[in-house]
Amino acid sequence: MNSPAEYALVLLAGLGSGVLISTVGFASLLSFPVLLAVGLPPVVANVANTIGLTPAGLSGSFGYRRELREKPLVTTVVLVTCAGGAVLGVVLLLALPPGVFAAVVPYLILVTCLLVGAQPFVSGRLRRRDRGGGRLSAATTVACVLVGVYGGYFGGGSGVMMMAVLGFGADLEMRVVNALKTLSIAAGNVVASVLFVVIADVDWAAAGLLALGSAGGGYVGALIGRRLPATLLRVLVVLGGITAAVTMLG
1 MNSPAEYALV
11 LLAGLGSGVL
21 ISTVGFASLL
31 SFPVLLAVGL
41 PPVVANVANT
51 IGLTPAGLSG
61 SFGYRRELRE
71 KPLVTTVVLV
81 TCAGGAVLGV
91 VLLLALPPGV
101 FAAVVPYLIL
111 VTCLLVGAQP
121 FVSGRLRRRD
131 RGGGRLSAAT
141 TVACVLVGVY
151 GGYFGGGSGV
161 MMMAVLGFGA
171 DLEMRVVNAL
181 KTLSIAAGNV
191 VASVLFVVIA
201 DVDWAAAGLL
211 ALGSAGGGYV
221 GALIGRRLPA
231 TLLRVLVVLG
241 GITAAVTMLG
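Take a look at the structure:
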């Protein structure tokens, strides 16, 4: 980055991405291309993107604090499983050759977002709805761990995967699922960011500007997200997932 215009662009990308994290997800569709456009190499851009979007997940989770308090047990399970899974995901990132998941990630995102869209129509056939007030089954808990692993390894689309897991595995309102999705992104990004700070080459100017914008955007996104009708939110998630998958395939 060499000009005030580029600094402003990264700051605005952080703001917009923060809003996306707390609403429909797929924030990196906005922030990552901007970081590349201002001249950061892909690996450095990925590190700055993860660190810079971490405040969005945290501020978004704070904005959704009322929803998270409604289901304290589920909130705790999501936080612990995603953070723990992200540790394993980061280990895999360091141990496996680059691009192991690159070929399948677009299809994984596409299938997952379509599951989010179809969930109201098929969930009654696929699971027993929990009327007992917020416990996750063992299978759903394992699925949360796997989403955490994916989030630590790659991250793109992990929030929507969490929405699909919770949509089929728990009887929760969409606004609560969205809150838990935001928390899961925050947990994974915190773990990855700590590691990146220790071992990676960080462009602190880019990461800092992105973080400054995303912190406000995450909170604003939570205010918007809790007011979005469930059907509209599902439609936006599906459209975002299709866009993400097509972009990656291109």
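Just so you know, we're using this note's numbering here: the sequence shown kicks off at 1 and counts up by one.
Virtual Cβ for every residue (Gly too), placed ideally from N, Cα, C.
Under the three-state reduction of DSSP output, M163 falls in the helix class.
Rounded to whole angstroms, L249 and L239 show a C-alpha spacing of 15 Å. In this structure L209 is not in contact with V78, their Cβ atoms being roughly 29 Å apart against a cut-off of 8 Å. Here V220 is not near V24, since their CB atoms are 8 Å or more apart.
In the three-state scheme derived from DSSP, where H, G and I count as helix and E and B as strand, E173 is classed as coil. Exposure of L232 is indicated by the presence of fewer than 16 other C-beta atoms within 10 angstroms of its C-beta. In the three-state scheme derived from DSSP, where H, G and I count as helix and E and B as strand, V24 is classed as coil. A check of alpha carbon separations from E173 across R227, V91, L114 identifies R227 as the nearest. DSSP places N2 in the coil class of the three-state scheme, outside both helix and strand.
Our two residues, V87 and A230, have alpha carbons roughly 32 Å apart in a direct line.
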